[in-house]
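What follows is a set of notes on a single structure, which appears directly below.
2 protein chains.
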Amino acid sequence: MSADLDKLPSRDLLAFQLFDWLDTGSGEERETLMAMIDATQRVAAEAFLPHYRQGDIEEPRLEADGVHVLPAIHQAMALYAQMGLFGASFPEELGGLGLSCTASLAIHAGFAAANVSTAGYPMLTAANARLIAAFGTPAQVDRFARPQIEGRWFGTMCLSEPQAGSSLGDIRTRAVADGEDELGGRYRLSGNKMWISAGDQNVSENIVHLVLAKIAQQDGGLPEGSKGISLFIVPKILPDGTRNDLAVAGLNHKMGFRGTANCLLNFGEGAGAVGWRVGGEGQGLAQMFMMMNEARISVGMGAAALAYRGYRQSLRYAQERLQGRAVGVRNGAPIPIFNHPDVRRMLLQQKAYAEGALALCLYCARLVDQGGEDAETLLALLTPVAKSWPSEFGLIANDLAIQVHGGYGYTRDFDVEQLWRDNRLNPIHEGTTGIQAIDLLGRKILLSDGRPLALLRDRIGDTAGRAMETAEWAPAAAALLDYWRHVEDVVAGLRALGGAEAYDDATLFLRAFGHGVLAWLWLDQVLHARGHADSAMESGVAFACRFFFESELPQADAWLRIVGQHGDLARTMPDEAFA
Amino acid sequence: MSADLDKLPSRDLLAFQLFDWLDTGSGEERETLMAMIDATQRVAAEAFLPHYRQGDIEEPRLEADGVHVLPAIHQAMALYAQMGLFGASFPEELGGLGLSCTASLAIHAGFAAANVSTAGYPMLTAANARLIAAFGTPAQVDRFARPQIEGRWFGTMCLSEPQAGSSLGDIRTRAVADGEDELGGRYRLSGNKMWISAGDQNVSENIVHLVLAKIAQQDGGLPEGSKGISLFIVPKILPDGTRNDLAVAGLNHKMGFRGTANCLLNFGEGAGAVGWRVGGEGQGLAQMFMMMNEARISVGMGAAALAYRGYRQSLRYAQERLQGRAVGVRNGAPIPIFNHPDVRRMLLQQKAYAEGALALCLYCARLVDQGGEDAETLLALLTPVAKSWPSEFGLIANDLAIQVHGGYGYTRDFDVEQLWRDNRLNPIHEGTTGIQAIDLLGRKILLSDGRPLALLRDRIGDTAGRAMETAEWAPAAAALLDYWRHVEDVVAGLRALGGAEAYDDATLFLRAFGHGVLAWLWLDQVLHARGHADSAMESGVAFACRFFFESELPQADAWLRIVGQHGDLARTMPDEAFA
Numbered sequence: 001m002s003a004d005l006d007k008l009p010s011r012d013l014l015a016f017q018l019f020d021w022l023d024t025g026s027g028e029e030r031e032t033l034m035a036m037i038d039a040t041q042r043v044a045a046e047a048f049l050p051h052y053r054q055g056d057i058e059e060p061r062l063e064a065d066g067v068h069v070l071p072a073i074h075q076a077m078a079l080y081a082q083m084g085l086f087g088a089s090f091p092e093e094l095g096g097l098g099l100s101c102t103a104s105l106a107i108h109a110g111f112a113a114a115n116v117s118t119a120g121y122p123m124l125t126a127a128n129a130r131l132i133a134a135f136g137t138p139a140q141v142d143r144f145a146r147p148q149i150e151g152r153w154f155g156t157m158c159l160s161e162p163q164a165g166s167s168l169g170d171i172r173t174r175a176v177a178d179g180e181d182e183l184g185g186r187y188r189l190s191g192n193k194m195w196i197s198a199g200d201q202n203v204s205e206n207i208v209h210l211v212l213a214k215i216a217q218q219d220g221g222l223p224e225g226s227k228g229i230s231l232f233i234v235p236k237i238l239p240d241g242t243r244n245d246l247a248v249a250g251l252n253h254k255m256g257f258r259g260t261a262n263c264l265l266n267f268g269e270g271a272g273a274v275g276w277r278v279g280g281e282g283q284g285l286a287q288m289f290m291m292m293n294e295a296r297i298s299v300g301m302g303a304a305a306l307a308y309r310g311y312r313q314s315l316r317y318a319q320e321r322l323q324g325r326a327v328g329v330r331n332g333a334p335i336p337i338f339n340h341p342d343v344r345r346m347l348l349q350q351k352a353y354a355e356g357a358l359a360l361c362l363y364c365a366r367l368v369d370q371g372g373e374d375a376e377t378l379l380a381l382l383t384p385v386a387k388s389w390p391s392e393f394g395l396i397a398n399d400l401a402i403q404v405h406g407g408y409g410y411t412r413d414f415d416v417e418q419l420w421r422d423n424r425l426n427p428i429h430e431g432t433t434g435i436q437a438i439d440l441l442g443r444k445i446l447l448s449d450g451r452p453l454a455l456l457r458d459r460i461g462d463t464a465g466r467a468m469e470t471a472e473w474a475p476a477a478a479a480l481l482d483y484w485r486h487v488e489d490v491v492a493g494l495r496a497l498g499g500a501e502a503y504d505d506a507t508l509f510l511r512a513f514g515h516g517v518l519a520w521l522w523l524d525q526v527l528h529a530r531g532h533a534d535s536a537m538e539s540g541v542a543f544a545c546r547f548f549f550e551s552e553l554p555q556a557d558a559w560l561r562i563v564g565q566h567g568d569l570a571r572t573m574p575d576e577a578f579a
Numbered sequence: 001m002s003a004d005l006d007k008l009p010s011r012d013l014l015a016f017q018l019f020d021w022l023d024t025g026s027g028e029e030r031e032t033l034m035a036m037i038d039a040t041q042r043v044a045a046e047a048f049l050p051h052y053r054q055g056d057i058e059e060p061r062l063e064a065d066g067v068h069v070l071p072a073i074h075q076a077m078a079l080y081a082q083m084g085l086f087g088a089s090f091p092e093e094l095g096g097l098g099l100s101c102t103a104s105l106a107i108h109a110g111f112a113a114a115n116v117s118t119a120g121y122p123m124l125t126a127a128n129a130r131l132i133a134a135f136g137t138p139a140q141v142d143r144f145a146r147p148q149i150e151g152r153w154f155g156t157m158c159l160s161e162p163q164a165g166s167s168l169g170d171i172r173t174r175a176v177a178d179g180e181d182e183l184g185g186r187y188r189l190s191g192n193k194m195w196i197s198a199g200d201q202n203v204s205e206n207i208v209h210l211v212l213a214k215i216a217q218q219d220g221g222l223p224e225g226s227k228g229i230s231l232f233i234v235p236k237i238l239p240d241g242t243r244n245d246l247a248v249a250g251l252n253h254k255m256g257f258r259g260t261a262n263c264l265l266n267f268g269e270g271a272g273a274v275g276w277r278v279g280g281e282g283q284g285l286a287q288m289f290m291m292m293n294e295a296r297i298s299v300g301m302g303a304a305a306l307a308y309r310g311y312r313q314s315l316r317y318a319q320e321r322l323q324g325r326a327v328g329v330r331n332g333a334p335i336p337i338f339n340h341p342d343v344r345r346m347l348l349q350q351k352a353y354a355e356g357a358l359a360l361c362l363y364c365a366r367l368v369d370q371g372g373e374d375a376e377t378l379l380a381l382l383t384p385v386a387k388s389w390p391s392e393f394g395l396i397a398n399d400l401a402i403q404v405h406g407g408y409g410y411t412r413d414f415d416v417e418q419l420w421r422d423n424r425l426n427p428i429h430e431g432t433t434g435i436q437a438i439d440l441l442g443r444k445i446l447l448s449d450g451r452p453l454a455l456l457r458d459r460i461g462d463t464a465g466r467a468m469e470t471a472e473w474a475p476a477a478a479a480l481l482d483y484w485r486h487v488e489d490v491v492a493g494l495r496a497l498g499g500a501e502a503y504d505d506a507t508l509f510l511r512a513f514g515h516g517v518l519a520w521l522w523l524d525q526v527l528h529a530r531g532h533a534d535s536a537m538e539s540g541v542a543f544a545c546r547f548f549f550e551s552e553l554p555q556a557d558a559w560l561r562i563v564g565q566h567g568d569l570a571r572t573m574p575d576e577a578f579a
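Listed in order, the protein sequences are those of chains A and B. Counted the way UniProt numbering counts, the first sequence spans residues 1 to 579. Counted the way UniProt numbering counts, the second sequence spans residues 1 to 579.
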């Protein structure tokens with residue numbers, strides 16, 4: 001295998017998770033999918049990977065005619081479009097390839113591992129087109145979704161404003177009704193949008209901005225809160241070929257993830273940017289969040305891919321780098337650092353995090369494909385975990401990848417420092433970890449009817465039941481059930497506590513909940529890996545699973561106990577005592 | 001207070017830790033020291049802080065005549081020298097200021113918070129001069145230490161080589177005897193040294209390299225292992241004014257800490273670099289490590305200072321940034337994010353880490369000043385903790401500082417991303433965390449006579465005894481004693497296990513040990529903060545201490561249990577299962 005392909009999720013691992021574990025597709029479909037994965041990974045290795053470092057050094061730059069990105073990104077996008085991948089998971093009648101969500105996410109993982117910044121452009125474009133396909137009129141779909149599915153136009157999501165990051169109810173972008181045409185209700189938009197990834201670039205023929213804004217009331221005021229938010233299609237170039245009234249006000253200079261241009265956009269500095277409403281008035285946030293879930297799983301997969309690549313690169317480094325001797329041995333030649341227990345521990349921990357995160361994201365994609373009420377309910381519960389767990393623990397994995405490299409890992413001669421910087425965005429964008437935590441504990445648990453958690457417990461019970469039938473994994477199954485009883489006790493305590501206080505440790509709860517999910521998924525995988533034809537695969541899954549139960553779950557249990565204590569220190573600490 | 005001084009350790013906090021807690025100096029000395037801290041912090045704010053970002057952007061560059069650094073670094077060093085600070089902790093008879101180690105470390109904290117890269121130059125210079133002052137002949141001290149104490153010459157430590165990072169026994173730099181002169185035994189050195197911080201610059205008149213090398217034997221071979229290592233003074237400019245035979249072969253391009261030039265040095269490309277031996281043959285490593293302890297505490301303090309600055313900057317940001325509302329509140333104006341419990345938790349955690357790390361380093365410096373066998377033994381035990389704990393947890397604090405800033409924290413418009421990148425070096429240089437762990441568990445505990453840990457337990461028992469007499473802190477005292485009994489049980493188990501296996505989880509042991517030390521130091525501080533004239537100070541210490549006991553120690557207890565299980569997963573995992 002080439003050294004480059006070695007940085008992408010291995011085909012053996014993907015085959016195990018997709019087929020042996022998640023039972024995706026039938027015989028022939030599997031062959032087709034693996035051929036697709038092979039083909040796309042070659043493109044990822046040849047057209048995305050080589051400019052990984054260059055994209056970090058030569059950031060997008062703002063010139064008089066807009067944002068310019070690396071020529072290598074143009075070439076990568078052209079190849080990506082040629083393969084039809086912008087439409088990977090769209091139905092054939094819309095010009096897509098008709099792949100399942102699981103298959104297209106597995107393909108995305110390869111591109112994200114190769115170059116997470118460049119992979120950001122099609123990821124956002126697909127999310128945009130899917131939203132229009134779901135909620136737009138046939139004319140809107142034809143005009144704005146299809147060119148994105150073909151990869152000729154790219155898309156963005158314009159949510160945040162300088163004064164409204166996480167609190168979208170406070171947005172001030174204004175939409176004034178301006179009649180109606182064949183593309184639907186027409187509006188003139190004005191306002192400033194912040195943190196717009198791919199907000200401008202010189203790659204695609206046009207850019208379709210999906211913009212959250214509030215429709216001005218009769219008195220000229222804007223409705224309060226998030227219920228007044230509507231969604232608008234605002235193309236950079238209007239259907240008549242003229243430029244819409246929107247401008248790039250600036251670029252954000254980020255610590256990492258630099259290949260994806262991140263823009264401050266001003267809409268309507270003149271007569272107002274022309275936009276067409278998608279769906280009903282006031283439906284903007286609900287529609288956006290339905291699609292945001294897809295984006296959140298993609299973010300999680302990006303984080304998983306970065307973690308995986310760091311794992312592979314530090315593994316190879318450890319196998320080649322000679323340094324030191326075994327404890328107690330004074331003479332003889334230096335040995336590969338791979339043989340030092342502490343280095344092996346750092347590698348195993350990375351494996352458990354990275355491959356676990358990959359499994360989590362694919363599991364969620366499988367739920368999308370399965371559909372139906374139960375799968376949707378479970379998906380909604382797991383989405384904040386799929387977004388945040390790979391982001392938080394993938395970052396720790398990348399930190400370990402640096403540490404394995406020692407001083408070399410701190411230099412820009414090796415990729416691991418960039419992986420770490422790139423991954424640091426993931427706990428922030430598309431909803432910070434704190435926001436995910438409130439979503440999980442609030443909407444999905446305390447404010448729900450209890451069904452989401454009950455559904456999850458059923459699946460965990462099922463896995464544990466099967467593990468109980470084996471001598472080897474029965475103790476882990478018992479530990480898993482104990483852990484989830486603990487989770488339920490903590491939830492019951494928080495429910496009884498009620499009020500705002502219940503959310504004091506929401507973030508730690510999310511973390512502990514995520515570890516419980518990962519322990520379950522590792523145990524479930526291990527049951528499917530037993531007797532695998534590839535004994536190294538069986539063994540790798542088994543060791544990662546045992547590591548998770550021996551070294552991770554006991555820590556998570558401590559987190560649960562802390563949450564269960566309902567401590568109020570941070571909230572009650574006097575303001576002046578922080579000084 | 002100016003916004004700039006607000007980024008440096010607050011005088012109230014330093015006064016509390018230095019005087020109320022550590023009982024440093026008497027009344028008048030305290031006033032003098034505080035005046036000194038005020039004066040040096042002004043210099044730090046005016047001459048070190050302003051080029052913090054610039055030093056990151058404009059890295060040192062290698063030109064034909066050597067390495068060039070920012071003009072601002074020249075100016076900062078000139079001011080630093082004018083104040084006599086290169087000689088801060090040297091005795092007056094050597095031209096120093098005669099400050100205690102504690103005082104000079106408190107002063108260093110201000111410079112490190114302002115600009116950790118620029119502060120690296122004098123930090124290394126002082127460590128170099130102290131080594132020569134301790135082991136050199138009077139002629140060597142006059143010739144090579146005094147100009148450094150005056151700040152005219154700078155110093156370096158040349159240990160690592162491309163093939164020998166952590167395993168110094170494998171170094172290949174060769175020293176061939178070349179007679180003797182008034183400066184001692186003279187040698188010709190040849191070899192390559194890697195990772196040399198401040199290895200070249202255009203600031204000081206001369207550079208004194210302290211070089212570890214092996215003296216060639218009669219047969220031309222080099223002695224094996226670390227016992228054959230000697231220490232040599234190798235100046236860039238020889239006493240006769242000619243250039244010594246050494247060259248900068250390259251600069252390392254780091255992720256952070258960029259203001260400190262990091263060089264690959266080639267010694268003896270021609271007739272051999274002239275060097276004078278310091279101390280006896282084969283004493284090199286022992287001498288170096290005596291001084292390395294000082295460098296390790298300084299590294300810890302640098303990490304603590306970065307953590308502290310991130311805490312302060314994210315605190316100020318949180319107080320000013322308006323976003324969202326309290327849970328359950330839908331209307332009204334956005335509130336400062338400082339009022340959100342999750343943000344307050346991230347701030348309190350930073351405070352507990354940053355101020356705890358500062359306390360740990362000052363405590364160790366106080367042991368240096370106290371001297372005597374007990375203090376030295378305890379210092380040796382705590383040094384790996386003082387190096388690693390602030391490095392590991394200060395980095396987590398900086399990660400939280402980014403998260404408090406949200407998307408803004410990921411841009412280079414705010415300092416927190418640079419603080420995080422800068423701090424990432426600290427778990428690597430001057431001995432990685434893994435190396436510190438083996439030092440703690442091996443040399444300081446399992447291979448010692450047990451006295452170091454017994455001494456520590458005495459001090460902990462003393463603190464707990466005093467806490468037991470208070471109603472408020474008796475439960476924490478009991479938890480602390482429980483925790484340390486657990487540590488001792490784990491140590492006994494590892495001792496019984498014996499062999500290399502005992503070190504499998506040395507890194508996790510170090511982490512848990514460090515948390516136990518920090519819990520102790522927080523409890524000890526809280527007892528000295530009771531009834532403090534400044535009620536905000538008393539309250540701040542109390543909340544940080546309670547946080548540490550409620551939220552940190554339970555996690556550390558889980559780490560101890562994991563270590564105590566003597567798991568062998570990483571060691572026994574088949575090599576091919578990592579793939």
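Every residue, glycine too, gets a C-beta built ideally from N, C-alpha and C. Just so it is clear, the structure is predicted and the values come from calculations on it, not from any experiment.
Measuring CB to CB, does D178 of chain A end up less than 8 angstroms from M537 of chain A? As a position in the first sequence, residue 178 of chain A is number 178, starting the count at 1. As a position in the first sequence, residue 537 of chain A is number 537, starting the count at 1. It is not a contact, given that the beta carbons lie outside the stated cut-off.
For the stretch 316-346 of chain B, which segments carrying the beta strand (DSSP E) assignment without a break, of at least 3 residues, lie completely within its bounds, in sequence order? none
For L360 of chain B, count neighbouring C-beta atoms within 10 Å of its own C-beta (all shown protein chains included) and say buried if the count is 16 or more, exposed if not. The residue labelled residue 360 of chain B in the question sits at position 360 within the second sequence. Classification for L360 of chain B: buried.
Run the CB neighbour count on G220 of chain A, radius 10 Å, all protein chains shown included, and call it buried at 16 or more, exposed below. Locating residue 220 of chain A in the first sequence gives position 220, where the first residue counts as 1. Burial call: exposed.
Using the three-state DSSP reduction, which class does I233 of chain A fall into: helix, strand or coil? Taking the first sequence and counting its residues from 1, one reaches residue 233 of chain A at position 233. In this structure, I233 of chain A counts as strand in the three-state DSSP scheme.
By Cβ distance, which residues of its chain are closer than 7 angstroms to Q346 of chain A, with the 5 residues on each side in sequence left out? Within the first sequence, the letter at position 346 stands for residue 346 of chain A. The residue you asked about is not Gln; residue 346 of chain A is Met in the sequence shown. The residues are L400, Q403, V404.
Identify whether S2 of chain A lies in helix, strand or coil by the three-state DSSP scheme. Taking the first residue of the first sequence as position 1, residue 2 of chain A is located at position 2. S2 of chain A: coil per DSSP, three-state reduction.
DSSP state of E63 of chain B mapped onto helix, strand, coil: Numbered from 1 along the second sequence, position 63 holds the residue referred to as residue 63 of chain B. In the structure shown, E63 of chain B sits in a strand (DSSP, three-state: E or B).
Between the beta-carbon of L362 of chain B and the beta-carbon of L8 of chain B, is there less than 8 angstroms? Sequence index remark: in the second sequence, residue 362 of chain B carries index 362 (1-based). Sequence index remark: in the second sequence, residue 8 of chain B carries index 8 (1-based). No, the Cβ-Cβ distance between L362 of chain B and L8 of chain B is not below 8 angstroms.
Mind checking which residues open and close the alpha helix (DSSP H) that includes S391 of chain A? Position 391 of the first sequence holds residue 391 of chain A. It spans 372-405 - the alpha helix (DSSP H) in which S391 of chain A sits, taken as one unbroken run.
Where A271 of chain B falls: helix, strand or coil (DSSP): As a first step, residue 271 of chain B is located in the second sequence; it is residue number 271 there, counting from the start. Coil.
S167 of chain A: CB within 7 angstroms of a non-hydrogen atom of the ligand ATP: Absent from the structure shown: the ligand ATP. Ligands present: none.
Does the distance from the C-beta atom of Q323 of chain A to that of S167 of chain B stay below 8 angstroms? Mapped onto the first sequence, residue 323 of chain A falls at position 323. Mapped onto the second sequence, residue 167 of chain B falls at position 167. Yes; because the gap between Cβ atoms is below 8 angstroms, this pair is in contact.
Taking 8 angstroms as the CB-CB cut-off, is M77 of chain A touching chain B? As a position in the first sequence, residue 77 of chain A is number 77, starting the count at 1. It does not; no Cβ of chain B falls within 8 angstroms.
Return the chain-ordered list of same chain residues with a C-beta closer than 7 angstroms to the C-beta of A44 of chain A, the five sequence neighbours on each side being excluded. Mapped onto the first sequence, residue 44 of chain A falls at position 44. Counting only Cβ-Cβ distances below 7 angstroms, and skipping sequence neighbours, we find L8, G110, F111, A114.
Between which two residues does the beta strand (DSSP E) containing Y52 of chain A stretch? Taking the first residue of the first sequence as 1, we reach residue 52 of chain A at position 52. Counting along the chain, Y52 of chain A falls outside any beta strand (DSSP E), though it belongs to the alpha helix (DSSP H) covering 52-57.
Start and end of the beta strand (DSSP E) containing I445 of chain B? In the second sequence, residue 445 of chain B corresponds to position 445, counting from 1. Run containing I445 of chain B: none; DSSP gives neither H nor E here.
Go ahead and pull the three-state DSSP assignment for R424 of chain B. Taking the second sequence and counting its residues from 1, one reaches residue 424 of chain B at position 424. The answer is coil: DSSP assigns R424 of chain B none of H, G, I, E or B.
Please report the straight-line C-alpha distance between V343 of chain B and A326 of chain B, rounded to a whole angstrom. Position 343 of the second sequence holds residue 343 of chain B. Position 326 of the second sequence holds residue 326 of chain B. So the alpha carbons of these two residues sit roughly 12 angstroms apart.
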